[in-house]
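Engineer: Residue numbers in the sequence shown follow the working numbering, run continuously in steps of one, and reach 290 at the last position.
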Amino acid sequence: MRRVLFLGPPGAGKGTQAKKISEEFNIPIIATGDLLRENVKKGTELGKIAKKYMDEGTLVPDDIMLKIIEQAIKDLDSFILDGFPRTIKQAEGLEMLLNKLNKNLEYVIYFDVPDEEIIRRLTARRICPECNRIYNLNFNPPKNDEECDECKVKLITRDDDKEQVIRKRIEVFKENTYPLVEFYDKRNILYRIDGTGDTNEIEKRIKEIIL
Ligand code: ADP
Ligand code: ADP
Ligand code: ZN
Numbered sequence: 080m081r082r083v084l085f086l087g088p089p090g091a092g093k094g095t096q097a098k099k100i101s102e103e104f105n106i107p108i109i110a111t112g113d114l115l116r117e118n119v120k121k122g123t124e125l126g127k128i129a130k131k132y133m134d135e136g137t138l139v140p141d142d143i144m145l146k147i148i149e150q151a152i153k154d155l156d157s158f159i160l161d162g163f164p165r166t167i168k169q170a171e172g173l174e175m176l177l178n179k180l181n182k183n184l185e186y187v188i189y190f191d192v193p194d195e196e197i198i199r200r201l202t203a204r205r206i207c208p209e210c211n212r213i214y215n216l217n218f219n220p221p222k223n224d225e226e227c228d229e230c231k232v233k234l235i236t237r238d239d240d241k242e243q244v245i246r247k248r249i250e251v252f253k254e255n256t257y258p259l260v261e262f263y264d265k266r267n268i269l270y271r272i273d274g275t276g277d278t279n280e281i282e283k284r285i286k287e288i289i290l
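1) Identify the continuous alpha helix (DSSP H) that holds Asn178 and give its terminal residues.
2) Does ligand 1 have even one heavy atom less than 6 Å from the beta-carbon of Phe163?
3) Going by alpha carbons, who is nearest to Gly112 out of Leu125, Ile106, Glu102?
4) Return helix, strand or coil for Lys231, following the three-state DSSP convention.
5) With a threshold of 6 Å (Cβ to nearest heavy atom), would Arg205 be considered close to ligand 3?
6) Rounded to the nearest angstrom, what separates Lys98 and Ala91 at their Cα positions?
7) Between the stretch 220-228 and the stretch 270-280, do three or more beta carbon pairs fall short of 8 Å?
8) What first and last residue would you give for the alpha helix (DSSP H) that runs through Tyr263?
9) On the CB-based measure, 16 or more other CB atoms within 10 Å of its CB, does Leu290 come out buried or exposed?
10) Any chance you could list the residues with Cβ under 5 Å from a heavy atom of ligand 1, keeping chain order?
11) Please classify Asp142: is it buried, with 16 or more other beta-carbons within 10 angstroms of its beta-carbon, or exposed?
12) Per DSSP, which one or two residues make a beta bridge with Glu226?
13) Are the CB atoms of Asp239 and Gly136 within a distance shorter than 7 Å?
14) Leaving out the 5 sequence neighbours to the left and right, which residues in its chain are closer than 6 Å to Ala170 when beta-carbon positions are compared?
15) For Asn219, name the three-state secondary structure that DSSP assigns.
16) Is Glu196 close to ligand 3? I mean its beta-carbon at under 6 Å from any heavy atom of the ligand.
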């Protein structure tokens, strides 16, 4: 049983590592960004509301996010949270929810990556619209030109992976999300890792912590 949270700036590699750890340990991933993008794609009410925040690089309101997470988490014993919580309010809401469910968060992994590296990574990020696999035109290109190795469909660039929106997201991260490092450090479950270098090396750093 493992209940893990991946914390870090946009582009830190949370999604990439979540996929690897999820496959290795057979733990489901809850990635709120993916959940929101699916709603935008389907044109649901939630999707319509979320899109306007996502496009400008700001956060979807806490009450909406807490409802989403409650639904996603309530029947799971193990999970990797990627992209949630992003505010102290959300972290407090999660804590209350987990208490109610008699579960607790075990590991919060903070991915440390410098700003310039984030911009470099995100401007070259591509994702698969079918399976959410994450690629990078420079570091981790698909085998065939901009096509998912698994699904064979054309990769897309996220609407919010534009330099101007990326800068806004980094700012929002520092202001709203970075304070969670201290929040979880106080609870003695915070582990910092260097998020730069080879993805397999980073995976090893994570496995040493959650093993
Ligand atoms: P996050 O989920 O934290 O936003 P992603 O996992 O989507 O981050 O990674 C952002 C981009 O950086 C993607 O294009 C991904 O392929 C690439 N990437 C992930 N890990 C690394 C790494 N260790 N070195 C270089 N690029 C990476
Ligand atoms: P990244 O890891 O590249 O920052 P995500 O895919 O996690 O991106 O999130 C994309 C966007 O979805 C965010 O910029 C934000 O608008 C919205 N979002 C995702 N998760 C949350 C959350 N927990 N709270 C508020 N907004 C969120
Ligand atoms: Zn795919």
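We put the CB at the ideal spot given by N, CA and C, even for glycine.
Structural biologist: Reading off the structure:
1) Taking the first residue of the sequence shown as 1, we reach residue 178 at position 99. Boundaries of the alpha helix (DSSP H) around Asn178: 167-179.
2) Start at 1 with the first residue of the sequence shown, and residue 163 comes out as number 84. For Phe163, the CB stays at least 6 Å from every heavy atom of ligand 1.
3) By one-based count along the sequence shown, residue 112 stands at place 33. Ranking Leu125, Ile106, Glu102 by Cα distance to Gly112 puts Leu125 first.
4) On the sequence shown, residue 231 is found 152 positions in, with the first residue counted as 1. Here DSSP, grouped into helix, strand and coil, assigns Lys231 to coil.
5) Position 126 of the sequence shown, counted from the first residue, corresponds to residue 205. Incorrect: Arg205 has no Cβ contact closer than 6 Å to ligand 3.
6) Here residue 98 corresponds to residue number 19 of the sequence shown, with the count starting at 1. Here residue 91 corresponds to residue number 12 of the sequence shown, with the count starting at 1. Distance between Lys98 and Ala91, taken at the CA atoms: about 14 Å.
7) These segments do not touch.
8) Residue 263 sits at position 184 when you count from the first residue of the sequence shown. Looking at the DSSP string, the run of the alpha helix (DSSP H) that includes Tyr263 is 258-265.
9) Numbered from 1 along the sequence shown, position 211 holds the residue referred to as residue 290. By the 10 Å Cβ count, Leu290 comes out exposed.
10) Answer in sequence order: Pro89, Gly90, Ala91, Gly92, Lys93, Gly94, Thr95, Arg200, Arg204, Ile213, Asn215, Phe218, Asn219, Thr278.
11) Within the sequence shown, residue 142 is the residue found at index 63, counting from 1. Result: exposed.
12) Taking the first residue of the sequence shown as position 1, residue 226 is located at position 147. Beta-bridge pairing links Glu226 to Lys233.
13) By 1-based counting over the sequence shown, the position of residue 136 is 57. By 1-based counting over the sequence shown, the position of residue 239 is 160. Yes, the Cβ-Cβ distance between Gly136 and Asp239 is below 7 Å.
14) The sequence position of residue 170 within the sequence shown is 91, counting from 1. Within the same chain, and ignoring the five residues on either side of Ala170 in sequence, the residues whose Cβ sits closer than 6 Å to its Cβ are Pro164, Leu259, Phe262.
15) Taking the first residue of the sequence shown as position 1, residue 219 is located at position 140. In the structure shown, Asn219 sits in a strand (DSSP, three-state: E or B).
16) Within the sequence shown, residue 196 is the residue found at index 117, counting from 1. No, the Cβ of Glu196 stays beyond 6 Å of every heavy atom of ligand 3.
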